[in-house]
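Residue numbers (our numbering), protein chains in the order written: chain A, 302 to 444; chain B, 302 to 444.
2 protein chains.
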Amino acid sequence: MVTQASPEELTERLRDAITRLNRRLRQERPVGDLTVTQLSALTSLRIGGALTPRELSEAERVQPPTMTKIVAKLEERGLISRTPHPTDGRQVLLSPSEQGLAVLEDYQRVRDEWLAGKLAGFTAQERDTVARAAALLERLARD
Amino acid sequence: MVTQASPEELTERLRDAITRLNRRLRQERPVGDLTVTQLSALTSLRIGGALTPRELSEAERVQPPTMTKIVAKLEERGLISRTPHPTDGRQVLLSPSEQGLAVLEDYQRVRDEWLAGKLAGFTAQERDTVARAAALLERLARD
DNA sequence: CACACTTATTAGCTTAGCTAATAAGCCTGG
DNA sequence: CCAGGCTTATTAGCTAAGCTAATAAGTGTG
Chain A
302 MVTQASPEEL
312 TERLRDAITR
322 LNRRLRQERP
332 VGDLTVTQLS
342 ALTSLRIGGA
352 LTPRELSEAE
362 RVQPPTMTKI
372 VAKLEERGLI
382 SRTPHPTDGR
392 QVLLSPSEQG
402 LAVLEDYQRV
412 RDEWLAGKLA
422 GFTAQERDTV
432 ARAAALLERL
442 ARD
Chain B
302 MVTQASPEEL
312 TERLRDAITR
322 LNRRLRQERP
332 VGDLTVTQLS
342 ALTSLRIGGA
352 LTPRELSEAE
362 RVQPPTMTKI
372 VAKLEERGLI
382 SRTPHPTDGR
392 QVLLSPSEQG
402 LAVLEDYQRV
412 RDEWLAGKLA
422 GFTAQERDTV
432 ARAAALLERL
442 ARD
């Protein structure tokens, strides 16, 4: 127990930090490359396997029509493929294509350089704090 | 030193957590109310005092034309006022209006309820982790 | 004092998000 | 067994948030 911020201050500071860092992350996107949103959706598909658009929209906390657009962009680039649902004619199953997986590999190695570099500049203890906080923030975002 | 994630994993998890939480925060905005972006800019003006558009755009990590739009929205609502720069005819000084400050007060009390509520559900130790991480994330975002 | 630089804005684009409406398929109760 | 209500996905159309390029106005210096 080191810090002593009031709950209000903590809320405000956290919101501000998230907002700014999100912008900063977005700026790092190389031109012509995947947006953060697209990358996140593709990652969800890699982790979750074949998902329907609805499932994917829930995972990404986005409305279904929004996901339709994101999926369309990923499909244009051949990064995901769609197969009919085995039992439900309405639904579709989305999966990363070979190329999609390859792109994710590249990203994991090459991209996030900026963020990775920043984190590398932290002490081991600071990285530990961030790692623990990341888990907590994921819990927050999940609801 | 509790967690043992690789740097790559940490980078990816942090980016994902930030992205998702940012979306989640955006969803909490009451209809007809300030967007997160507008709120953030207004807060910067409260903290920084009278700033020029350029200074504000730098504080918010946004290009000047983007800030022009945000400022226009805030001005429409009478939340900021602009005064000529005392010595430089090109520049403008932006400050929160009385009403702008009042709105910020309201926000600080009423808004962020969702986030504050979530944080309240954390243990003191978890809140401490988040507080420390927030400071680190701000440092990251600042560059 | 002309010319280069800085500041702010305008114009015009993309992406990301939303709601409302529509079309297609599923399923159940009479 | 099929009519009508639900679910899923998409389309249409909107706003906000971001960008770059171009422009207009003002500053300041060689």
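All C-beta atoms in this analysis are idealised placements derived from N, C-alpha and C, irrespective of residue type, glycine included.
Classification of residue i by the beta-carbon crowding that lies within 10 angstroms, buried from 16 upward
i: residue 339 of chain B; result: buried
i: residue 397 of chain B; result: buried
i: residue 373 of chain B; result: exposed
i: residue 309 of chain A; result: exposed
i: residue 384 of chain B; result: exposed
i: residue 377 of chain B; result: exposed
i: residue 403 of chain B; result: exposed
i: residue 421 of chain B; result: exposed
i: residue 334 of chain A; result: exposed
Coil, strand or helix - residue i by DSSP
i: residue 428 of chain A; result: helix
i: residue 367 of chain A; result: helix
i: residue 320 of chain B; result: helix
i: residue 344 of chain A; result: helix
i: residue 307 of chain B; result: coil
i: residue 391 of chain A; result: coil
i: residue 443 of chain A; result: helix
i: residue 326 of chain A; result: helix
i: residue 332 of chain B; result: With a pLDDT of 43 at residue 332 of chain B, under the threshold of 50, the modelled position of this residue cannot be trusted; read the value that follows with caution. Residue state, collapsed to three classes: coil.
8 Å CB neighbourhood of residue i in its chain, flanking five on each side removed
i: residue 424 of chain B; result: none
i: residue 365 of chain B; result: 354, 355, 358
i: residue 369 of chain A; result: 354
Through-space distance from residue j to residue i, alpha-carbon basis
i: residue 332 of chain B; j: residue 408 of chain A; result: Residue confidence is low: residue 332 of chain B scores 43 on pLDDT, short of 50, so the model does not pin down where it sits. Its coordinate-derived value is still stated next. Near 36 Å, if we compare the C-alpha coordinates of residue 408 of chain A and residue 332 of chain B.
i: residue 386 of chain B; j: residue 352 of chain B; result: 10 Å
i: residue 393 of chain B; j: residue 350 of chain A; result: 53 Å
i: residue 428 of chain A; j: residue 388 of chain A; result: 46 Å
i: residue 343 of chain B; j: residue 360 of chain A; result: 32 Å
i: residue 346 of chain B; j: residue 391 of chain A; result: 50 Å
i: residue 348 of chain B; j: residue 432 of chain B; result: 19 Å
i: residue 419 of chain A; j: residue 363 of chain A; result: 29 Å
i: residue 406 of chain A; j: residue 336 of chain A; result: 16 Å
i: residue 375 of chain A; j: residue 436 of chain B; result: 35 Å
i: residue 380 of chain B; j: residue 367 of chain A; result: 31 Å
Close-in-space but distant-in-sequence residues of the same chain around residue i (CB under 7 Å, 5 per side omitted)
i: residue 455 of chain B; result: Past the edges of chain B, shown from 302 to 444, lies residue 455 of chain B, and the structure says nothing about it.
Near-chain A residues of the stretch 304-322 of chain B (beta-carbon distance less than 8 Å), N- to C-terminal order: Cβ contacts with chain A: 304, 306, 308, 309, 311, 312, 313, 314, 315, 316, 317, 318, 319, 320, 321, 322.
Within 7 Å of chain A by C-beta, residues of the stretch 367-395 of chain B in sequence order: From the stretch 367-395 of chain B, no residue has a Cβ closer than 7 Å to chain A.
Contact list for the stretch 422-442 of chain B against chain A, Cβ threshold 9 Å: 423, 425, 426, 427, 428, 429, 430, 431, 432, 433, 434, 435, 436, 437, 438, 439, 440, 441, 442: these are the residues of the stretch 422-442 of chain B whose beta carbon lies less than 9 Å from some beta carbon of chain A, given in chain order.
Members of the stretch 333-344 of chain B near chain A, C-beta cut-off 9 Å: Of all residues in the stretch 333-344 of chain B, 337, 338, 340, 341, 344 have a Cβ within less than 9 Å of some Cβ in chain A.
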